[in-house]
Amino acid sequence: MKRFIVKSFQMRVTLALVAALFLVAALSNFLIYRFMAQFQLESLRDKLKIIAQTASLALDAETLMSVPLRKEGIETPQYRVIADKLSQIKKANPPIRFIYTMTKTEQEGIWQFVVDPEPAADGARGKNATAYPGDRYDARRFHELLRAFDGPSADKKLEVDEWGVTLSGYA
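So the mapping is simple: the working numbering equals the position in the sequence shown, first residue as 1, plus 98.
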């Protein structure tokens with residue numbers, strides 16, 4: 099009888115130690131996963147900021163600001179020059195889904211598109227989503243976008259809008 103209790107006690111201790119080891123291993127794996135996921139996100143954010151900043155430096159501001167802010171603006175040579183440059187940048191960076199330029203309006207938090215090299219790509223962006231020169235966009239829910247005129251920034255988490263789920267960089 100005494101021997102059965104000892105074995106039973108030893109078995110309990112062994113099981114407790116094994117369970118503790120599994121718990122520690124699971125917890126450490128979870129923490130490593132969280133750290134690496136956060137590291138990957140920050141790395142991607144940094145890349146997006148660099149691409150956005152480099153793209154903004156590659157565009158001629160005078161040409162960009164001379165694009166008429168109406169749908170017919172896509173027919174102008176200024177639009178074509180900027181759209182071609184944006185298309186080259188997108189082609190050089192395959193993970194980029196959308197690339198475009200925007201400017202502020204007189205209304206706080208409402209921005210408007212200037213150049214989007216793919217304004218007619220509605221199927222890829224959503225049912226009625228367009229991005230022609232002058233089209234308005236409510237930027238108030240995207241805090242990092244609102245900081246774009248102060249310097250490069252990138253979304254801190256995946257964002258959802260009429261174009262889908264994205265992580266964007268701004269400059």
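Heads up, the beta-carbon is just placed ideally off N, CA and C, and yes, glycines get one too. No experiment lies behind these values; they were computed from the predicted model shown.
Distance, residue j Cα to residue i Cα
| i | j | result |
| --- | --- | --- |
| ALA153 | GLY249 | 13 angstroms |
| SER185 | VAL116 | 57 angstroms |
| LEU162 | LEU142 | 27 angstroms |
| PHE120 | VAL258 | 38 angstroms |
| SER246 | ALA181 | Rather than Ser, the amino acid found at residue 246 in this sequence is Ala. Computed Cα separation, rounded: 20 angstroms. |
| ASP144 | VAL111 | 49 angstroms |
| LYS255 | PHE137 | 13 angstroms |
| GLU260 | VAL212 | 18 angstroms |
| ARG168 | LEU139 | 36 angstroms |
| ARG195 | LYS189 | 10 angstroms |
| PRO166 | LEU129 | 52 angstroms |
| TYR177 | ASN191 | 21 angstroms |
| GLY207 | ALA123 | 47 angstroms |
| LEU265 | MET200 | 17 angstroms |
| GLU160 | GLU170 | 19 angstroms |
| PHE107 | ALA114 | 10 angstroms |
| PHE133 | LEU146 | 20 angstroms |
| PRO175 | SER164 | 10 angstroms |
| ASN127 | LYS202 | 45 angstroms |
| GLU216 | TYR131 | 37 angstroms |
| PHE240 | VAL179 | 28 angstroms |
| MET109 | LEU125 | 24 angstroms |
| PRO193 | ALA118 | 43 angstroms |
According to DSSP, residues forming a beta bridge with residue i
| i | result |
| --- | --- |
| MET200 | PHE211 |
| THR264 | GLU257 |
| SER251 | TYR268 |
| ASP236 | ILE208 |
Supposed contact pair residue j and residue i - C-beta distance, whole angstroms, cut 8 angstroms
| i | j | result |
| --- | --- | --- |
| ASP214 | TYR198 | 4 angstroms |
| ASP233 | GLN205 | Going by Cβ atoms, the distance from ASP233 to GLN205 rounds to 14 angstroms, so no, they are not a contact pair. |
9 angstroms Cβ cutoff met for residue i and residue j
| i | j | result |
| --- | --- | --- |
| ILE149 | GLY267 | yes |
| ALA252 | LEU244 | no |
| PRO231 | ILE172 | yes |
| ALA229 | GLN151 | no |
| LEU157 | LYS183 | yes |
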